[in-house]
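Q: Provided herewith is a single structure, encoded as C-alpha cells, for subsequent inquiry.
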Amino acid sequence: MAKPINTNLNKKTNFNINFTLFPEKYKDYIFVGIIILSVFLFFMGVITTHEIAASDNLASFSFKTYLQDASKSGTFPQWLPYIFSGMPSYSSMIITGDRYWDFAPMIVFGFSKLVGEIFANDSVRVMIYYVFFGIGMFLLMRTKKFNSEIAFVTAIAAVFSTGIIHWIMIGHNTKPITIAMLPFIFLLMEKLREKFTFFFAVLLIIAVHLFFESVHIQMMFYSALAIGIYIMLELINRLVTKNEPMSIVRVIGVLVVAGGLAFLMSSDRYLAVQEYTPYSVRGSSPILHTQGNKTDDNGGNSYEYATEWSFSPQEMITMLVPNYYGFGKLPYSGPETGNKEYKLPTYWGQKIFEDVAPYMGIFILFMGIIGFVYYRKDVFVQSLFIISIFLLFLSFGKNLSIIYDIFFYYIPSFNKFRAPSMALGVLQFAFPILAGYGMKAILEWVELQDKRSKKYLMSLLYSSVGFFIIGLIYIVVGKSAYISALSNTGNQTFQSVAKQVVSLKEFVWGAMTADWLVIGAISVVFAGAVYLFVNRKINANIFYMTVFFLLFVDLWRVGYRPLEISERDTVKETFQKTDLIQFLEQDKSIYRIADFVMSQSSPNLPAYFRLESVGGYHPAKLRVYQDMLDVADNGSTSYVTNPFLWNLLNVKYIISDRQLQAPPIFQSQQTGAFVYQNPTMAERAFFVDGVIVEKPLEILKLMKEGKFDFRKVAYLEEPLNSNIEPPSANANVKIIDRKNEYMKLKANATGNNLLFLSEIYFPLWSAKIDGKDAAIHKTNYAFRSIIVPKGEHTIELTYHSKGFETGKTLSIASNILVGLLLIISFIWDKKKNKIIK
Numbered sequence: 162m163a164k165p166i167n168t169n170l171n172k173k174t175n176f177n178i179n180f181t182l183f184p185e186k187y188k189d190y191i192f193v194g195i196i197i198l199s200v201f202l203f204f205m206g207v208i209t210t211h212e213i214a215a216s217d218n219l220a221s222f223s224f225k226t227y228l229q230d231a232s233k234s235g236t237f238p239q240w241l242p243y244i245f246s247g248m249p250s251y252s253s254m255i256i257t258g259d260r261y262w263d264f265a266p267m268i269v270f271g272f273s274k275l276v277g278e279i280f281a282n283d284s285v286r287v288m289i290y291y292v293f294f295g296i297g298m299f300l301l302m303r304t305k306k307f308n309s310e311i312a313f314v315t316a317i318a319a320v321f322s323t324g325i326i327h328w329i330m331i332g333h334n335t336k337p338i339t340i341a342m343l344p345f346i347f348l349l350m351e352k353l354r355e356k357f358t359f360f361f362a363v364l365l366i367i368a369v370h371l372f373f374e375s376v377h378i379q380m381m382f383y384s385a386l387a388i389g390i391y392i393m394l395e396l397i398n399r400l401v402t403k404n405e406p407m408s409i410v411r412v413i414g415v416l417v418v419a420g421g422l423a424f425l426m427s428s429d430r431y432l433a434v435q436e437y438t439p440y441s442v443r444g445s446s447p448i449l450h451t452q453g454n455k456t457d458d459n460g461g462n463s464y465e466y467a468t469e470w471s472f473s474p475q476e477m478i479t480m481l482v483p484n485y486y487g488f489g490k491l492p493y494s495g496p497e498t499g500n501k502e503y504k505l506p507t508y509w510g511q512k513i514f515e516d517v518a519p520y521m522g523i524f525i526l527f528m529g530i531i532g533f534v535y536y537r538k539d540v541f542v543q544s545l546f547i548i549s550i551f552l553l554f555l556s557f558g559k560n561l562s563i564i565y566d567i568f569f570y571y572i573p574s575f576n577k578f579r580a581p582s583m584a585l586g587v588l589q590f591a592f593p594i595l596a597g598y599g600m601k602a603i604l605e606w607v608e609l610q611d612k613r614s615k616k617y618l619m620s621l622l623y624s625s626v627g628f629f630i631i632g633l634i635y636i637v638v639g640k641s642a643y644i645s646a647l648s649n650t651g652n653q654t655f656q657s658v659a660k661q662v663v664s665l666k667e668f669v670w671g672a673m674t675a676d677w678l679v680i681g682a683i684s685v686v687f688a689g690a691v692y693l694f695v696n697r698k699i700n701a702n703i704f705y706m707t708v709f710f711l712l713f714v715d716l717w718r719v720g721y722r723p724l725e726i727s728e729r730d731t732v733k734e735t736f737q738k739t740d741l742i743q744f745l746e747q748d749k750s751i752y753r754i755a756d757f758v759m760s761q762s763s764p765n766l767p768a769y770f771r772l773e774s775v776g777g778y779h780p781a782k783l784r785v786y787q788d789m790l791d792v793a794d795n796g797s798t799s800y801v802t803n804p805f806l807w808n809l810l811n812v813k814y815i816i817s818d819r820q821l822q823a824p825p826i827f828q829s830q831q832t833g834a835f836v837y838q839n840p841t842m843a844e845r846a847f848f849v850d851g852v853i854v855e856k857p858l859e860i861l862k863l864m865k866e867g868k869f870d871f872r873k874v875a876y877l878e879e880p881l882n883s884n885i886e887p888p889s890a891n892a893n894v895k896i897i898d899r900k901n902e903y904m905k906l907k908a909n910a911t912g913n914n915l916l917f918l919s920e921i922y923f924p925l926w927s928a929k930i931d932g933k934d935a936a937i938h939k940t941n942y943a944f945r946s947i948i949v950p951k952g953e954h955t956i957e958l959t960y961h962s963k964g965f966e967t968g969k970t971l972s973i974a975s976n977i978l979v980g981l982l983l984i985i986s987f988i989w990d991k992k993k994n995k996i997i998k
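In the numbering used here, each residue's number is its place in the sequence shown (first place is 1) plus 161.
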C-alpha cells in the first residue's frame with residue numbers, strides 16, 4: 162500500500178514551479194529590461210507628444226532662464242529678483258544651481274537630465290526615477306532571495322501603484338527621487354546585515370546622500386520612519402532571540418555614519434536652508450494673528466491647514482474600488498457638455514479635492530495580507546506590516562488625532578508638513594513587498610500540498626469571489642443609498658459641479674460600479690489561476706503570464722486615468738514671447754511689474770522673461786513680505802494690490818485682464834491684456850528727508866492707508882546712532898551695476914543722508930561704502946536703507962550666505978573623502994573577494 166503513495170509524492174515533487182519562458186541565466190536582465198520598457202510604454206503618449214504641463218512643472222520651468230544666466234556667468238544662484246520683489250532662491254529650495262562639487266547627484270541627476278535632453282522632454286527626466294525605483298525594488302527582492310518572477314511582480318506593483326505613479330502627472334517631481342532611493346537603502350542595509358563589506362558601507366552613504374538630495378523633506382521623514390521601524394524591530398528581535406544581534410548593531414552604526422556623512426555632503430544646501438528658515442514663513446510667526454492665518458507662532462502650519470488633506474478610514478474602500486469616492490477627474494460627455502468629452506472632478510470625499518485614490522492593485526492587496534499572515538513570524542514581514550499600518554494611521558491626520566497630534570505637537574518641525582495622506586506613498590512601497598511574500602507563499606502551497614496551504618488557498622478564493630458577489634449585490638440594492646450620499650456630501654467642489662451637470666451623480670455611480678465589476682473579475686481570475694496552479698492544473702509559465710497580464714491591466718487602467726496628454730505643446734505656448742513681453746522688454750530701465758494676467762497661466766511666468774514681479778508663488782517666502790501682504794494689503798499669498806505698495810515696490814507697470822479707470826498705454830493683440838503705467842512709483846533708490854521710529858505693526862498700518870509721503874519720511878523700528886539731514890537738490894544716486902547677488906551704486910550726498918532702497922530686507926545682504934562696512938537698516942518694515950555721509954561715494958551691496966559657504970566647504974571635503982573611500986573600498990573588497998556578485 163505504501164508504494165503508490167510514494168509514487169504520487171514523487172510526481173508532485175517533480176512539478177516544475179519555475180518560469181521557463183526566459184533562460185535562467187538572463188532572467189534578471191530581461192525582467193529589468195521589461196521594467197524599464199514598461200515605464201516608457203506607460204508614458205509613451207507623453208514622450209511622443211509634449212511634456213506634462215502640470216502647474217508645479219510650469220512654476221519650476223519659469224526659472225530656466227535664471228539658471229541658464231547663472232551658469233553662463235559662472236555664479237551660483239542664491240538670490241532671485243524675479244518673484245516677490247526678490248527672495249533667496251537656493252536656501253528656500255526654489256532652485257538648485259550647478260553643484261559641481263557633489264559627485265553623486267551630479268552623476269545620477271545629471272544622467273536623468275541628459276536623458277530628458279535627448280528626448281527634448283523634461284518629463285522623461287522624472288520618468289528615470291521611476292525606472293530607478295523599479296530596479297531598486299527588483300534588486301531588493303532578489304537580495305531577500307526571492308525568485309526573479311516575484312521580484313518583477315513586486316517592482317511593477319510598486320512603480321505603478323496609483324498613489325506613486327501619479328506624482329509625475331501633478332508635477333511633484335522630487336517625491337519620485339525620494340522613493341527611488343528607499344529600496345536601495347533597505348537593500349544595502351540587508352547586505353551589511355548579512356556580511357559587512359567596506360564597499361557596501363560606502364554605497365549606503367551614497368544612497369542616503371541621494372535620499373537627502375531629493376529635498377522633499379516630508380517624504381524623507383515618512384521614509385525615515387519606515388527605516389527606523391525596521392531597524393528597531395530587527396534589533397529587539399535579535400536581542401531577545403540572541404540571534405546575531407551584532408549584525409543589526411553593525412547596520413545601525415553604519416547607518417548613523419552614513420547619515421552624518423550624507424548630511425555633510427549636502428551641508429551647503431541644508432545649512433543654507435537652516436540659515437534662511439528663521440526669516441521665512443515656515444520658521445517665524447506672523448506679525449498679525451487672524452482667523453485665516455495658515456501658520457502658527459513658530460512658523461508651522463495651523464492645525465486645520467496642515468490636516469486639510471487627511472485620509473479618512475471610510476476611504477480605505479478605495480484601496481479595493483478606486484472609484485468609490487469618485488476619482489479625481491474623469492472623462493465625461495453628455496448634454497451639458499454638448500456631448501463633447503471633458504474631464505470633470507468626481508471626488509466627493511471629505512478632502513477639498515483629490516487627484517487619485519491610493520490603489521495598489523486588488524490582488525496585490527490580497528497577497529500582501531496573505532504574505533503577512535503566512536510569514537508573520539519573519540521580522541522583516543512584521544516591520545513591513547507595522548510600517549504599513551502605522552503610516553496608514555498617520556495618514557488619517559485629524560481623523561485619528563490621537564496619533565497624529567503626538568507628531569504635530571511634539572515632533573520638531575512636523576507641523577510644517579501638509580497633507581497627512583502623503584504618508585500613503587511609503588505604504589505603497591511596503592505593501593508590494595508583502596505581496597511578494599504572498600506570492601512566495603503560493604509556491605510553498607504548490608510544494609507542500611498540506612491542509613494549511615489548502616486553507617489559505619480557499620480563503621483567497623472565497624475572498625475574491627465574495628468581493629465580486631458583494632459588488633453585484635451592491636449594484637442591485639445600493640444605488641439609492643449611494644446617490645443619497647452623493648447628494649449629501651459636504652464636498653463643495655463636487656456639489657458645485659453637480660449643480661451644473663445634472664447627470665454627474667449617475668455618471669459617478671456608473672463609473673464606480675463598472676470599476677467594481679472589472680476589479681472583481683480580475684480578483685476572481687487571479688484567484689482561479691492560483692487555485693489551478695496550486696492544484697497543478699496549469700504550469701508555472703501559464704500562471705506567471707496570467708499574473709503579469711492581470712497586474713499590468715489592473716494597475717495601468719487605474720494609474721493611467723489622471724494622465725493628461727495634451728495635443729498642444731502647453732509648455733511652449735505658455736512660455737512663448739507675446740507682444741506684451743516684447744512691449745515690456747523695450748523698457749531698459751529698472752522697474753517691477755504687478756502682474757494679474759501672465760501669472761494665471763503660471764504664477765512665476767514673468768521670471769522666465771527676466772521681468773521682476775511683486776507677485777509669484779512659493780510656499781516659503783520671506784516673512785517680512787508676507788506680513789506686508791497680510792497687513793498692508795489683502796492678505797494674498799501671490800499678489801500685491803495696494804497702490805501705495807506698488808509705489809514703494811518700484812512698480813512701473815500694472816498688467817490687467819480688465820480695463821481700469823486710467824487709460825492703458827498698451828493692449829496685447831494676442832492676449833487682450835491691458836498695460837497701465839504707474840506714474841507715482843518710487844525709483845529703485847532715492848534719498849529721503851528724515852526718519853520716524855515706530856512699532857512694526859503701526860508701520861504696516863500706515864502703509865496700508867498710504868498716509869505718509871515715502872519720499873520725505875522713512876519709518877524705522879529702532880533709532881539711528883546719527884542724525885539724518887534732508888538732501889538738497891544736488892543729491893543724487895545712480896545704479897551702475899546690478900546682478901542677482903550684487904548691486905553697485907554711485908551716490909552724491911549733500912549731508913548725512915538716508916538712502917532708501919526699494920529692495921527687500923534680508924540680513925544676509927551687506928553693504929560697503931567706499932570699501933568700508935556700512936549698516937543696512939530695516940526700513941518701512943520690509944525694505945532697506947543706508948546712511949550715506951556727505952560727498953561722492955561708491956556703495957556696494959552683496960548677498961553672502963555664511964551657511965552656504967561653510968556648507969560648501971564641508972560638502973567639498975566630505976565628497977572628496979567619500980570618493981576616496983569608494984575607490985579604496987572597491988579595490989580592498991575586490992582583493993579580499995568580499996564584493997558579492
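We put the beta carbon where it would ideally sit given N, CA and C, even for glycine.
(1) State whether the segment 340-356 contacts the segment 741-753, with contact taken as three or more CB pairs (one from each stretch) at a distance under 8 Å.
(2) Compute the Euclidean distance between the alpha carbons of H370 and G420, then round it to the nearest angstrom.
(3) Nearest-angstrom Cα distance between I977 and A935?
(4) By DSSP, does V320 sit in helix, in strand, or in coil?
(5) Could you tell me if E902 is buried or exposed, where buried requires 16 or more neighbouring beta carbons within 10 angstroms of its beta carbon?
(6) Run the CB neighbour count on E436, radius 10 Å, all protein chains shown included, and call it buried at 16 or more, exposed below.
(7) Of the residues V292, E395 and S549, which one's Cα is nearest the Cα of S384?
(8) Spatial neighbours of K865 within its chain, please: C-beta separation below 8 Å, excluding the five flanking residues on both sides.
(9) If D990 and F359 are in contact, beta carbons under 8 Å, what's the gap, nearest whole angstrom?
(10) As a quick exercise: from L618, A318 and V979, pick the residue whose alpha carbon is nearest that of Y692.
(11) Measure from the C-beta of L198 to each C-beta in chain D and report whether the shortest distance is under 7 Å.
(12) So M342 is in the alpha helix (DSSP H); what residue range does that whole segment cover?
(13) Does the Cβ of S657 have 16 or more other Cβ atoms within 10 Å, making it buried, or fewer, making it exposed?
(14) Going by DSSP, name the residue or residues bridged to T940.
(15) Let me know the secondary structure DSSP gives H954 once reduced to three states.
(16) If you drop the 5 nearest sequence neighbours on each side, which residues of the same chain put their C-beta closer than 7 Å to that of W606?
(17) Can you give the Cα-Cα distance for S441 and S750, rounded to whole angstroms?
(18) So which of L609, G851 and K188 has the shortest CA-CA distance to F307?
(19) Quick check: what's the CA-CA separation for S253 versus V638?
(20) Of all the options I326, Y464 and E608, which has the alpha carbon lying nearest to the alpha carbon of N175?
(21) Just list the alpha helix (DSSP H) runs in the segment 625-653, keeping only unbroken ones of 4 residues or longer that don't cross its boundaries, in chain order.
(22) If you drop the 5 nearest sequence neighbours on each side, which residues of the same chain put their C-beta closer than 6 Å to that of F987?
(23) For I448, does the three-state DSSP call read helix, strand or coil?
(24) Between the alpha carbons of R945 and P880, how many angstroms are there, rounded?
(25) Tell me where the alpha helix (DSSP H) around I550 begins and ends.
(26) In whole angstroms, what separates the C-alpha of F488 from that of Y520?
(27) Can you give me the Cβ contacts of L364 inside the same chain, cut-off strictly under 6 Å, excluding the 5 residues immediately before and after it?
(28) Identify which residue in T315, P483 and I409 has its Cα closest to the Cα of R143.
(29) First and last residue of the beta strand (DSSP E) that includes P966?
(30) Taking all protein chains shown into account, decide if F687 is buried (16 or more other Cβ within 10 angstroms of its Cβ) or exposed.
(31) Give the single residue among F280, L906 and Q787 whose Cα lies nearest to the Cα of S446.
(32) Per DSSP, what kind of secondary structure is F804 in: helix, strand or coil?
(33) Within the continuous beta strand (DSSP E) that includes E920, where are the two ends?
(34) Quick check: A318 and G529, are their CB atoms within less than 7 Å of each other?
A: According to the structure shown:
(1) no
(2) 7 Å
(3) 38 Å
(4) helix
(5) Answer is buried; the Cβ neighbour count reaches 16.
(6) buried
(7) S549
(8) V792, A793, D794, N803 and F805
(9) 5 Å
(10) Taking only the C-alpha atoms, the option nearest Y692 is L618.
(11) Here there is only one protein chain, and chain D is not present.
(12) K336 to E355
(13) exposed
(14) According to DSSP, which records beta bridges pairwise, T940 is partnered with L877 and F944.
(15) strand
(16) S614, Y617, L618 and V695
(17) Straight-line Cα distance between these residues: approximately 30 Å.
(18) That would be K188, whose Cα lies nearest to the Cα of F307.
(19) The alpha-carbon of S253 is positioned some 54 Å away from that of V638.
(20) E608
(21) 640-649
(22) F360
(23) coil
(24) 15 Å
(25) V540 to S556
(26) 11 Å
(27) Counting only residues of its own chain and dropping the five nearest sequence neighbours on each side, L364 has a CB closer than 6 Å to the CB of L349.
(28) Any property of residue 143 remains undetermined from this structure, which presents the chain solely from 162 to 998.
(29) With the sequence shown as reference, residue 966 is identified as Glu, and Pro is not the correct amino acid for it. Here E966 belongs to no beta strand (DSSP E); instead the alpha helix (DSSP H) covers K963 to K992.
(30) buried
(31) Q787
(32) It is Pro, not Phe, that sits at residue 804 in the sequence shown. Three-state DSSP puts P804 in a helix.
(33) N914 to I921
(34) For A318 and G529, no; Cβs fall outside 7 Å.
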